[in-house]
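Trainee: Sending over a structure as structure tokens; questions will come in a sec.
Residue numbers (the numbering used here), protein chains in the order written: chain A, 767 to 1195; chain B, 12 to 415.
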């Protein structure tokens, strides 16, 4: 075992921070960095050329020819990750053909280049992230014959809300799952979906939870919110895209119930999205406008300053494959209440949990945290401790053991008669 | 206590009636444990007494448990009556509400012990003379309180840190007391049955009656009494029937008695028979809970302290108000389990607290409890207003001599 060779990874992604529209890019960054610091050589493939470089891995762009694009162009290219309704509200029958056609076109042309990339870049494992990259992964596997790992961050059922599933995308996912030698799901609930909705055997799906990089939040509390707090008000925070999947309407119902017991409370909403207008109207209809603060999409330092002001963070997601945001709140020492319908709730102990639809329960918990400083402090301190243990290294370690198991099994299959360790030393290609 | 929400505060004050059929439903729980543990275990003990008239046992049953059995499973009370009537079974005293009053309020402690004494006398016709405190919580102070109340003996955990080089197999005298004697739990042998009986990784597994009897006999010559104290739900609930626990219980008396040097005695017989071997000084509380054997299962985090402080602060006023239902509810809220469920000590590791808790987390337990406290506060201020009003009426309408 001493000569056990580390696997080398060819990873296909779709976006990468700062050129990302959602959690997929964040997860790819965290995973690739942690894998690389565990000594795994890694080549990261992106569909389009973007001005990006990181110290821990080499980037390869499928479409080298394209000129550098500006931020807006890049965003529109990457929009495939967002939920359908984000860009196209009130769709009843799936993604409109011209849009899905356009995205699927890009996904296909990504795949056309993947074989060549696989030939040029040494690797022992192919790892792909969500449906946008699955055809590329399959194409790469056809060329190199190396095992394929399909990572699932969100299924088409999560993005569409379940009732307007795009059949083209579903089929691409299904084909990816079938061709993959192993599937990695970001939570047990996501694994269950892969098994029940796609008919994949459970043994093929491994759960690897996301992580987060712990950075102390040393930001200064946001000034206006600080004024409110100085006057004895409490702050309840929502952070995330404002779209039905995230449960903004449940947040508003909960707020109304909280206010009937704790009138000196303000509800701060950070984020934007297709149901933003609807949410603002709902707040107005209930006569709560003076108690809500919509601050739009916040990033980094701005968001850190808002976290500093929050008394509790609430994530009432209707469906959340994982859900990284509560971990950010915990890093800032904010008590969190997450819906039981989120993947992250599976791994959190020092957190409050409710069903997204049980707004009585949510309000009860929020009021308790606002009223009892002992509860607030306990959740804050324990949560802050707990989140330190939810790091990407843990995720990377599970991936590495998965790579190794595949690599060995695969080598034995390719070279019958040789032992797993011996075959692992056979140079690739 | 049911999942009591902020919206219930001031609306309804039934804190304990959960009919969900879940682990918060007292009726469902009582029915379950009566069938799995109390009835079959009592039947085995009764048979043991019939087969071996020398066999003895004793029970400490809280008033609340007795109340619950009366309400939901009266056949359990009957089976205890039969056992007590054999004369081989002794009943011990404890606080009626299985509370932590011994730590928080001597006055309340005495009241609850008296309530329990009365309950036992009413149901079984006996007056206990030995005391065991909630979860075997013990200290010099508690021994003194028990002595003051007339008890001849008291039970405690034979924890290593209070015994030092001494053995739990003798009777001791608590420091600073006159007559009361102290019996210590032999925790190794007790826990062999209570915790390790079905543990396959344990070197003693499988534990049979002859093997255990050998372990007991090996103390002969250097021991007066081996005190086996354990949670009764060991039999059938913590160790399920299929582990063979009832068979073990059935064959144990005969195996122990095979050695002519062995016999069974009740706590009061042990106290009568043996002189105290020495004085034991226990300035800090010990208990039988967790590996720490201290109070940390109930009082180790801010949530628990906040809840307990709120409870006993309310009590100072509640006991002066003429509202028996309010006082009874306040006492029910003293049961130590409420605070056990709020323990975060090992919350992240998922340990026994989690296993025994009907709540999803310590936080849920705290939230429901503090909502109840809020409702209690409202009821207290209502009750006070009523009382003031009555006093006021007397003042404006003083009795006249002509009316007398």
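Even glycine gets a Cβ: it sits at the ideal position worked out from N, Cα and C. Bear in mind that the values here come from a model prediction, so they are computed numbers and not experimental data.
(1) Using CA atoms only, rank isn't needed, just tell me which of A:1157, A:1121, A:1022 is closest to residue 1055 of chain A.
(2) Have a look at B:314, B:308, B:180, B:345 and flag the residue whose alpha-carbon is nearest the alpha-carbon of residue 326 of chain B.
(3) In angstroms, rounded to a whole number, what distance separates the CA positions of residue 375 of chain B and residue 228 of chain B?
(4) So, does the CB of residue 325 of chain B fall closer than 8 Å to a CB anywhere in chain A?
(5) Of the residues B:320, B:188, B:187, B:218, which one's Cα is nearest the Cα of residue 202 of chain B?
(6) Are residue 143 of chain B and residue 71 of chain B closer than 8 Å when you measure CB to CB?
(7) Give the list of continuous alpha helix (DSSP H) stretches no shorter than 4 residues that lie fully inside the stretch 1050 to 1106 of chain A.
(8) Unbroken alpha helix (DSSP H) runs of length 4 or more, entirely within the stretch 876 to 917 of chain A: which are they?
(9) Thinking residue 1082 of chain A and residue 1013 of chain A are a contact (beta carbons under 8 Å), I'd like their distance in whole angstroms, please.
(10) Quick test of the definition: if touching needs 3 or more C-beta pairs under 8 Å, does the stretch 1074 to 1088 of chain A touch the stretch 919 to 937 of chain A?
(11) Kindly give me the distance between the Cβ atoms of residue 2 of chain B and residue 268 of chain B, rounded to whole angstroms, as I take these residues to be in contact under 8 Å.
(12) Between residue 1143 of chain A and chain B, is any beta-carbon pair separated by less than 8 Å?
(13) Counting along the chain, where does the alpha helix (DSSP H) carrying residue 340 of chain B start and finish?
(14) Assuming contact is defined by CB atoms lying nearer than 8 Å, are residue 1119 of chain A and residue 371 of chain B in contact in what I supplied?
(15) Specify the secondary structure class of residue 22 of chain B as computed by DSSP and reduced to three states.
(16) So does residue 889 of chain A have its beta carbon nearer than 7 Å to some heavy atom of the ligand NAD?
(17) Please list, in chain order, the chain B residues whose beta carbon lies closer than 7 Å to that of residue 1126 of chain A.
(18) Based on Cα-Cα distance, which residue from A:953, A:788, A:1075, A:918 lies nearest to residue 975 of chain A?
(19) By Cβ distance, which residues of its chain are closer than 6 Å to residue 999 of chain A, with the 5 residues on each side in sequence left out?
(20) Do residue 236 of chain B and residue 101 of chain B come within 8 Å of each other at the CB atom, strictly closer than that value?
(21) Give the secondary structure of residue 31 of chain B by DSSP, where H, G and I count as helix, E and B as strand, and everything else as coil.
(22) For residue 1041 of chain A, count neighbouring C-beta atoms within 10 Å of its own C-beta (all shown protein chains included) and say buried if the count is 16 or more, exposed if not.
(23) Just tell me which of A:1127, A:773, A:1133 has its CA closest to the CA of residue 1077 of chain A.
(24) Which residues bound the beta strand (DSSP E) around residue 314 of chain B?
(25) Can you find a C-beta in chain B that's less than 8 Å from the C-beta of residue 1077 of chain A?
(26) Among the candidates B:281, B:317, B:196, whose CA atom is the shortest distance from the CA of residue 147 of chain B?
(27) So, is residue 26 of chain B buried or exposed, given that buried needs 16 or more other C-beta atoms within 10 angstroms?
(28) With distances taken between CB atoms, is the gap from residue 785 of chain A to residue 818 of chain A smaller than 8 Å?
(29) Taking only the alpha-carbon atoms, compute the straight-line gap between residue 1007 of chain A and residue 119 of chain B and give it to the nearest angstrom.
(30) Assign residue 145 of chain B to buried or exposed, taking buried as 16 or more other Cβ atoms, counted over all protein chains shown, within 10 Å of its Cβ.
(31) Report the residue ranges of all beta strand (DSSP E) runs contained in full by the stretch 773 to 833 of chain A; include only those spanning at least 3 residues, in chain order.
(32) Give every residue of the same chain whose Cβ lies closer than 7 Å to the Cβ of residue 1125 of chain A, excluding the five residues on either side of it in the sequence, and list them in chain order.
(33) Could you tell me which of B:95, B:96, B:127 sits nearest to residue 110 of chain B, measuring between CA atoms?
(34) For residue 118 of chain B, report the span of its alpha helix (DSSP H) as first-last.
(35) Who are residue 184 of chain B's beta bridge partners in DSSP?
(36) Taking the DSSP output, what are the residues bridged to residue 1118 of chain A?
Mentor: Let me lay it out:
(1) A:1022
(2) B:345
(3) 47 Å
(4) no
(5) The shortest C-alpha separation from residue 202 of chain B is found at B:218.
(6) A contact, by the Cβ cut-off of 8 Å.
(7) 1066 to 1075, 1091 to 1097
(8) 900 to 910
(9) 4 Å
(10) yes
(11) The structure shown does not extend to residue 2 of chain B, since chain B is modelled only from 12 to 415, so the question has no answer here.
(12) yes
(13) 335 to 343
(14) yes
(15) coil
(16) Within the structure as shown, the ligand NAD is missing, as the structure has no ligands at all.
(17) 16, 18
(18) A:953
(19) 1030, 1032
(20) no
(21) Three-state DSSP puts residue 31 of chain B in coil, outside helix and strand.
(22) buried
(23) A:1133
(24) Run containing residue 314 of chain B: none in the beta strand (DSSP E); it sits in the alpha helix (DSSP H), 313 to 329.
(25) no
(26) When only C-alpha atoms are compared, the closest one is B:196.
(27) buried
(28) yes
(29) For residue 1007 of chain A and residue 119 of chain B, the distance between alpha carbons rounds to 55 Å.
(30) buried
(31) 775 to 778, 808 to 814, 824 to 829
(32) 1016, 1019, 1020, 1023
(33) When only C-alpha atoms are compared, the closest one is B:127.
(34) Run containing residue 118 of chain B: 117 to 135, per the alpha helix (DSSP H) assignment.
(35) B:290
(36) A:1103
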